[in-house]
Structures are given as C-alpha cells and as structure tokens.
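The listed protein sequences derive, respectively, from chains A and B.
In this text, residue positions in the first sequence follow my numbering: the first is 47, and each later residue adds one.
In this text, residue positions in the second sequence follow my numbering: the first is 2, and each later residue adds one.
Report on one structure; see the data block that follows.
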Amino acid sequence: MHQDIKTFSDLTAIDTRHKLIVGLQLQKHGQTESIVKLNDCVIAVDQIRFEFDLFDPIKLEIELLDFVEGTSGIEIVNFNVNELEILPKYQHLASKPTNYIDFLGVWSFQIPSPFYIWYHQISGQGFIA
Amino acid sequence: MGIANTSIMQFYNSDYMKSMRNDLLNGQRPAGCANCYYSDNFDKLSGRRRQFLKSGINEKHFELSVRSSPHYAEFLHSLDNHGHSRMAPVDLQIDLGNTCNGACIMCNPMSSSRLAADFVKLHKIKPEIFYEPPNRESWIHNPDLVKKFAEDLTSIPGVKYIHFLGGETLFIDAFYTLCEELIAAGLAKDIIVGTTTNGSIYDERIEKIISEFKEFHLGLSIESVTALNDYVRYPANTTQVLENFDKFFKLRETTGLHVSLRITPNVFTIYELDRMFRYMIENNVIAESCDILADPDCLLVELMPDDIRQEILDKIDTVIDEYSMNKTYVTNPRRNDLVHRAIADVIVDYRNFIANFSRPDNVEQLRYKLVDFLKSFESLRGNSIIDYAPRYKDFLRSYGY
Numbered sequence: 047m048h049q050d051i052k053t054f055s056d057l058t059a060i061d062t063r064h065k066l067i068v069g070l071q072l073q074k075h076g077q078t079e080s081i082v083k084l085n086d087c088v089i090a091v092d093q094i095r096f097e098f099d100l101f102d103p104i105k106l107e108i109e110l111l112d113f114v115e116g117t118s119g120i121e122i123v124n125f126n127v128n129e130l131e132i133l134p135k136y137q138h139l140a141s142k143p144t145n146y147i148d149f150l151g152v153w154s155f156q157i158p159s160p161f162y163i164w165y166h167q168i169s170g171q172g173f174i175a
Numbered sequence: 002m003g004i005a006n007t008s009i010m011q012f013y014n015s016d017y018m019k020s021m022r023n024d025l026l027n028g029q030r031p032a033g034c035a036n037c038y039y040s041d042n043f044d045k046l047s048g049r050r051r052q053f054l055k056s057g058i059n060e061k062h063f064e065l066s067v068r069s070s071p072h073y074a075e076f077l078h079s080l081d082n083h084g085h086s087r088m089a090p091v092d093l094q095i096d097l098g099n100t101c102n103g104a105c106i107m108c109n110p111m112s113s114s115r116l117a118a119d120f121v122k123l124h125k126i127k128p129e130i131f132y133e134p135p136n137r138e139s140w141i142h143n144p145d146l147v148k149k150f151a152e153d154l155t156s157i158p159g160v161k162y163i164h165f166l167g168g169e170t171l172f173i174d175a176f177y178t179l180c181e182e183l184i185a186a187g188l189a190k191d192i193i194v195g196t197t198t199n200g201s202i203y204d205e206r207i208e209k210i211i212s213e214f215k216e217f218h219l220g221l222s223i224e225s226v227t228a229l230n231d232y233v234r235y236p237a238n239t240t241q242v243l244e245n246f247d248k249f250f251k252l253r254e255t256t257g258l259h260v261s262l263r264i265t266p267n268v269f270t271i272y273e274l275d276r277m278f279r280y281m282i283e284n285n286v287i288a289e290s291c292d293i294l295a296d297p298d299c300l301l302v303e304l305m306p307d308d309i310r311q312e313i314l315d316k317i318d319t320v321i322d323e324y325s326m327n328k329t330y331v332t333n334p335r336r337n338d339l340v341h342r343a344i345a346d347v348i349v350d351y352r353n354f355i356a357n358f359s360r361p362d363n364v365e366q367l368r369y370k371l372v373d374f375l376k377s378f379e380s381l382r383g384n385s386i387i388d389y390a391p392r393y394k395d396f397l398r399s400y401g402y
C-alpha cells in the first residue's frame, strides 16, 4: 500500500478535482508572432502552471503567425503533467514530430482522457488487463 | 479444494480469494506477499508492482492512477462485496507439480521431485536443517484431471497470459498437452505463454508450440556461466545447458520467443555475477529482474564476508563503467527495443543491493549453518564447494568446513 494512504476506503474519499498539474516552459527564439492555447484557452508564453481535473483531456496548440525563416521559432523546453515529462520526450506523438516550431500554421499535442492510462500506454508499461 | 472438484472460476471467487482481495483492499499485507515487500525495499520492480501495472496503476502516482484505472469500478465492487470479483482471471500461474530432473541446492522438495528424494536422506543426516518431505501427488499424472483442466482452461474468456510452473516444465508431458489443447481451441494466437527451464532439455516439440502462441516467454534458469552452476544446480552440465540456451537464442530470430535469464544469486554465485552480466550483454538477453534469494536462509547473499563483498562491487563497477550504464527504470523489459536499458537496470539494481544490504542479526549462526548445509549435500554427492568456489575457502574454513 502506498505510504500516503492507509486503505482503499480512504482513497474513495479523496477529492479528485484539480489533480492534473500541467507545467509548461516555452522559449521564444528570435522574432515570432504566435498564439498559444491550452485546452482551447489562450495563454501567455510565460505562464508555467495550470490545473485540470483528473479526467480532463489536454490539448496544447501553438499557432505560429509570423517568424523569420532559419533564425526564429518557439521551443517547448518542457511540458509535463504531474511532473511526468511529456515533451520533449514524446514529441514523436505531436501533430508534427518536433518540439521546435518554426513553420507557419498550427502545431498541436493532444492527450486523451484519462491521462494516466494514456501515459501508461505511451511509456510502454505493458498490457492493461 | 482442488482441481478435481473446483473449477478455475469457482476458485477465483472462493472464500480464500475473496478474503485475500479484501485484505489487499483494506491495506493489509498478506504473508504470501512478503517476498515482494522485501524486494521493494531495494527499489526492485517486484511482482506486486507488476500487478499494479496490469490495472494501469502507477505506484508513484498511486491515488490518481487508481482513480483513472479502467478497473476502478471493479475495485469498488470488490470492496462493497467482501472481495467478490465480477472479472475473470487474465493472468494464470499454473502449477504443474514438482517433477524435475534437477536438485538445486537452493530449491525445495515442493518444487523438485529429485530434491525431495534427496531430502529424505538429508533429513536423516541433519534433521535440524532438512525436513522430511511430504509425499506430493501431482495431478499431472492423472490424464483425466489433465483433460478436465484443459477444458476448464479453454473455457475462460479473455485469458492473456499463462505462466506454467514446475518442476522442470519442459520435462513434463502435461505442459505439452495443455499447450496443444490451447492451440487446438484456437486460443493460442491471443495468449502469451511463459515458463522457465533449467536448460537441460531441448525437446523439438517446443519449436512448434512457440511458433503458435502470440508470444512465448521463456525463462532460462542459471546461476553462473561457469562450473559453479554444476554444483549449485546439481546435476547440471553447464556446457550442455549453454548449448541449449544458444538454440533458444537462435529461435528468437524466427518466432515470437522472448528469452530472459532467471537468476537468483546466492552467497557463492554472487561472486561471479559480473561474468553473468557480460554473458547477458554478449547475448542480448535480460535477466527477468533483480531476484534476491530469501530462502534457504543459510545461502543468503548477505552472509558473504566484507572482503568478498568489496571485490564483487569492484567487479560489477568495472562492467557498469565499461558499458556506461545507469538506472532508467524500464518496467517492461520484454520490449525488444529496451533490452540494453533493461540489462543496465538489473545490473544497477544488483549493485545497489550488494552495496546497501544489512546483515541479518543471526549472521554468525547462519554461516555455521551454511557449512553444515553444504557438508550434508556433499556427503550425498561426493563433491566439494571449494572446487567450484575457491575464493570462499578461507571463509568456509573459519566456520568449520
């Protein structure tokens, strides 16, 4: 039994709201114009912490409206959920497999609900019975 | 209760199983889980933790991942119904009895018929160490029971994994019969089969069976790649064993065979662990996990003297440095793309265990018991541990060998 809980009965009484803590660190390189959205809400590039319900899907979208070819772009330095690294580690699952956006248009990364089952699968933890 | 009058599904919701589930749901630690809890102390991915994963539970994020588990409603149902389950087993461990052609010194009569025969004599030599083994009638020698069990097995919906336990499984006809029944029932393509062999046998029937199942996971039991294995896994012929292992390694190329080593180092074989690690790396084969011997207590790794302990650490560190290894926490070591990382994990796990273990309070008593234990076996077998593990000569002499 995990040290933080005594019995399974205790577990059922836990309030599960706001239990996915998303950490995001973006780095602008050079001159760019962009719109960053997390679950369809526009966020500032320097915002770093967000809270969601345990069963919320998560969608990160970055739309690059303007940039200078070869010298500018937006880097996703770190995107984590409950301190589990999602990007850059799993960038191959993004709409375009990169964590450096230097192209016009929308780049997105989607995590379906529930997060922990998705994470179990993409991190290769074996079959769920 | 036995398979003659109880089906698998009846047992699954028997009072015994319901009580076990209830205990787990209420935070108890059933005695049968002791080995896993012991292994957890060394940050090893124990069987207990592996079962969590089958429900999608991440132990480091326990509360949230339990809530997210597709089995959450089933856990609640069991909690509200005294441990009853609405599910069916997906992972079966089938005990085929103790029929075995080996008599390993760390084994027990319940798992080896040959060792059981030895124990009858050993009990007369040293009754305070060796118990008189009970007669064990195995169901596998009754063709009607094997047939009934095969029918029962093929009727369970959604089985994903079956592990066959022995004895020496490849030495037991019922193993082949049950596999062939699963194939005939058209279920094999959806089932992963696992078993363990001591490598003494390579029966060509196994090639067809391996090719029919979705995957076949074969554990290869070995304690050392040197003659020390002959002593510990008596009466092994390690040269022959390694030749058979090579055949299994080759089968990986053409079938869904996954091979892993099943090592459980004891006070002697731990000294050659670095050589075992090199064998793993050379043959691209993992050790299933960092198994740590808990019984018999007189063979505990923890009994080794300090100078040998340091020597072992130095040798393992040389391997770790040579291959630039570090711990990466691979939880599914059967993925072919993760073999090298899984090997590194096991090596680092063992290294950490050897560096950090504490000696039992009765270590001196156990060392004297070790000598009595060995001398009893050697009086039957006419061999001597000194010939196989000369580095331990002074240590053993100081305890009366």
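All residues carry an ideal CB built from backbone N, CA and C; glycine is no exception.
- Closest in alpha carbon position to A/K65, among A/E129, A/K135, A/D99, A/N124, is A/D99.
- Collapsing the DSSP output to three states places B/I210 in a helix.
- Neighbourhood of A/L150 in chain B, by CB distance below 7 Å: empty, with the nearest CB roughly 35 Å away.
- Sequence-distant Cβ neighbours of B/D92 in its own chain, meaning closer than 6 Å and more than five residues away, are Y162.
- Excluding the 5 residues flanking it on each side, B/E133 has same chain C-beta neighbours closer than 6 Å at H124, in chain order.
- Cβ neighbours of B/P90 within its own chain (closer than 6 Å, five residues either side excluded): Y13.
- Taking the CA atoms as reference points, B/E312 sits about 14 Å from B/P391.
- Chain B has no Cβ within less than 8 Å of the Cβ of A/I67.
- In the DSSP assignment, B/V147 falls within the alpha helix (DSSP H) that extends over 144-155.
- Close to chain A, meaning a Cβ-Cβ distance shorter than 8 Å, are the following residues of the region 65-86 of chain B: L65, S66, V67, R68, S69, S70, P71, H72, F76, L77, L80.
- For B/D373 against B/K127, the beta-carbon gap comes to about 6 Å, under 8 Å, which counts as contact.
- DSSP, read as helix, strand or coil, puts B/V242 in helix.
- Listed by position along chain B, the residues whose Cβ is nearer than 7 Å to that of A/P160 are S69.
- In the three-state reduction of the DSSP assignment, B/R253 falls in the coil class, being assigned neither a helical nor a strand state.
- B/Q52 is bridged by DSSP to nothing; it lacks a bridge partner.
- Counting the other Cβ atoms within 10 Å of the Cβ of A/T117 gives fewer than 16, which makes it exposed.
- Of the residues B/L179, B/P158, B/N363, the one whose Cα lies closest to the Cα of B/H164 is B/L179.
- In the displayed model, B/T7 falls within coil according to three-state DSSP, outside both helix and strand.
- The beta carbon of B/N327 sits no closer than 8 Å to any beta carbon of chain A.
- Selection B/L171, B/T155, B/C101, B/Y235 evaluated against B/R137 yields B/C101 as nearest (Cα-Cα).
- Classified as buried, B/D350 has 16 or more neighbouring CB atoms from the shown chains inside 10 Å of its CB.
- Between A/N128 and chain B, the shortest Cβ-Cβ separation is below 8 Å.
- Counting along the chain, the unbroken alpha helix (DSSP H) around B/L375 starts and ends at 364-382.
- DSSP places B/N36 in the helix class (H, G or I) of the three-state scheme.
- By the neighbour-count definition (other C-beta atoms within 10 Å, threshold 16), B/G168 is a buried residue.
- The criterion of a C-beta distance shorter than 8 Å is satisfied by B/I58 and B/S66.
- When the five nearest sequence neighbours on each side are left out, the beta carbons in the same chain lying within less than 7 Å of the beta carbon of A/S159 are those of F101, D102, P103, in order along the chain.
- By the neighbour-count criterion, in which 16 or more other beta carbons inside 10 Å mark a residue as buried, A/D148 falls on the buried side.
- For the pair B/L262 and B/E283, the CB atoms are not nearer than the 8 Å cut-off.
- In this structure, the straight-line span from the alpha carbon of B/P135 to that of A/E129 is close to 54 Å.
- Within a 10 Å sphere around the beta-carbon of B/K45 sit 16 or more other beta-carbons, which makes this residue buried.
- Taking a cut-off of 8 Å on C-beta distances, the region 249-257 of chain B does not touch the region 228-241 of chain B, as fewer than three cross pairs fall below it.
- One alpha carbon belongs to A/E115, the other to A/D86, and they sit about 27 Å apart.
- By the neighbour-count definition (other C-beta atoms within 10 Å, threshold 16), B/P361 is an exposed residue.
- Taken atom to atom, the span from the alpha-carbon of B/R30 to that of B/I4 is near 27 Å.
- Membership of A/L70 in the beta strand (DSSP E) is indicated by the continuous run 66-75.
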